[in-house]
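Position 215 of the sequence shown, counted from 1, bears residue number 919 in this note's numbering, the numbering being contiguous throughout. So the structure is just underneath, and the comments pick up after that.
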Amino acid sequence: MRFLLIILFFLNIWTGLLGVEVTVAIDGSGNYTSIQKAVDAQRAFNPEPITIKLKPGIYREKIVVPTWATGITMLGEDPLNTIIVYNDYSGKGIINTFTSYTFLVHGNDFRAENITFMNDAGPVGQAVALHVEGDRAVFVNCRMIGDQDTFYAGREASRIYIKNCYIEGTTDFIFGPSTVLFDGCIIKSKKNSYITAASTPSGIKYGFVFINCRLIADEGIDKVYLGRPWRDYAKTVFIKCEMGNHILPAGWHNWGRPAAEKTVYYGEFLSSGPGGNIKNRVGWSKKISKKGSTKYFTEKVLNGFEP
């Protein structure tokens, strides 16, 4: 009996290390046919890791990962065939920018890999594909596709890591107050407009940090700004990024508020490509030195969070 109890004890420990794993498949071959149902079925604040595997398919759902759904990893097989999509937009009934999301993350320690997050409402105004408010969120090899306001990093001081992802949109398609590190991403502009609209609060050290990213555009797009301040203390920097010729020589815009030029922090280090010449950038942007660029190492930007 004692031997059996010992086996059961270690089996429980091993099971806890493995955590919970469920599969979502539209064709019914998994545990669930709906991503939202798979999320809702999990234990609140589960101390064990939770993995939700998504079989290939187009999941037309409006999804919320609530605050109690922590530590969830969501895995697709390929972002080209694992697509979460909806079509809400600001002005559709009572929908506004902040409720137009396709996918909303409130829970901390969320991770997604190999998934497309899409809002296919089209060029109708603000229409968020991915809205993140949880802390320590990670997205790897994902696509975020929309038009205006594609990706909303929506909570002050929350830390988000975006690795090898593809993000496309038209106006302000990366926006919000969070600290976000974009590492090795492709950023595609589909309109002559603005890429970022940070609203970094006063006193927050880092806003949007792009490292080793590539900025591209649709054919015919040739007048794009790197960013404009949604709020006066916006912070956005580009470190060793390749920029296409769609990026305007001025680089940055003050959104019609000259006073913001004194409080924002917009900077670049070793920008390259036809749009990376900083000679004619606005005078209130920063040319980051080699020494200054060391402030943007991952561990410093994410303040102790190791994705």
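A virtual CB, placed ideally from N, CA and C, is assigned to each residue, including glycine.
Nonlocal neighbours in the same chain, by C-beta distance under 7 Å from residue i, ignoring five residues either side
| i | result |
| --- | --- |
| P1011 | V842, Y865 |
| I951 | L919, V928, L930, G979 |
| I992 | V941, G971, E972, F973 |
| R840 | N812, D813, R863, F1009 |
| V1005 | T883, L885, Y910, V913 |
| T875 | Q852, K895, S897, Y898 |
Alpha-carbon spacing of residue i relative to residue j, whole angstroms
| i | j | result |
| --- | --- | --- |
| A954 | T727 | 48 Å |
| A748 | N823 | 28 Å |
| L784 | Y870 | 11 Å |
| N750 | E837 | 19 Å |
| R1015 | G979 | As shown, the chain starts at 705 and ends at 1011. That puts residue 1015 outside it, with no answer to give. |
| E1003 | F914 | 14 Å |
| P881 | G858 | 6 Å |
| S687 | E781 | Since the first residue of the chain shown is 705 and the last is 1011, residue 687 is not available in this structure. |
| G723 | N916 | 34 Å |
| V769 | N984 | 44 Å |
| K999 | V743 | 37 Å |
| E946 | S975 | 6 Å |
| F1009 | R863 | 8 Å |
| I982 | D813 | 37 Å |
| K994 | N845 | 29 Å |
| V828 | Y805 | 14 Å |
| I762 | D926 | 33 Å |
| A861 | T904 | 8 Å |
| A745 | W772 | 11 Å |
| W934 | W959 | 8 Å |
| A964 | H810 | 30 Å |
| N1007 | I908 | 11 Å |
| D792 | D851 | 12 Å |
| F1001 | E752 | 30 Å |
| I730 | V789 | 14 Å |
| I943 | G996 | 11 Å |
Nonlocal neighbours in the same chain, by C-beta distance under 8 Å from residue i, ignoring five residues either side
| i | result |
| --- | --- |
| T801 | S794, Q830, V832, D853, Y856 |
DSSP beta-bridge partners of residue i
| i | result |
| --- | --- |
| Y976 | Residue identity differs from the one stated: residue 976 is Ser in this sequence, not Tyr. Partner(s): E946. |
| I819 | Looking at the DSSP assignment, I819 forms no beta bridge with any residue, so it has no partner. |
| K966 | For K966, which the question treats as bridged, DSSP gives no partner whatsoever. |
| T803 | T803 pairs with nothing; no bridge assigned. |
| R985 | Partner(s): none; R985 has no beta bridge. |
| W956 | G931 |
| S906 | Answer is none; S906 lacks a bridge partner. |
| R863 | T883 |
| G811 | Partner(s): none; G811 has no beta bridge. |
| K991 | E972 |
Extent of the continuous alpha helix (DSSP H) to which residue i belongs
| i | result |
| --- | --- |
| D887 | Where D887 is concerned, there is no enclosing alpha helix (DSSP H), although the beta strand (DSSP E) it sits in stretches over 883-887. |
| K994 | 994-997 |
| A742 | 739-744 |
| V1005 | 1002-1005 |
Same chain, Cβ closer than 6 Å to residue i, neighbours up to 5 away in sequence not counted
| i | result |
| --- | --- |
| Y970 | T940, W956, S989 |
| F912 | V884, T900, A902, T940 |
| M778 | I756, A816 |
| I767 | I739, Q740, F807 |
N- and C-terminal bounds of the beta strand (DSSP E) containing residue i
| i | result |
| --- | --- |
| E781 | E781 -> no beta strand (DSSP E), and no H or E assigned at all. |
| I798 | Per DSSP, I798 belongs to no beta strand (DSSP E) and is neither H nor E. |
| Y856 | 855-857 |
| A841 | 841-844 |
| I899 | 898-902 |
| L919 | 918-921 |
| T727 | 724-728 |
| G873 | 870-873 |
| I767 | 767-769 |
| G775 | Element bounds for G775: n/a, residue is neither H nor E. |
| Y763 | 761-764 |
| R747 | Element bounds for R747: n/a, residue is neither H nor E. |
| R847 | 847-849 |
Beta carbon proximity, residue i to chain B, threshold 7 Å
| i | result |
| --- | --- |
| V726 | The structure shown contains no chain B; it holds only a single protein chain. |
**Q.** Touching by the beta-carbon criterion (3+ pairs, under 8 Å), the segment 914-922 and the segment 880-899
**A.** yes
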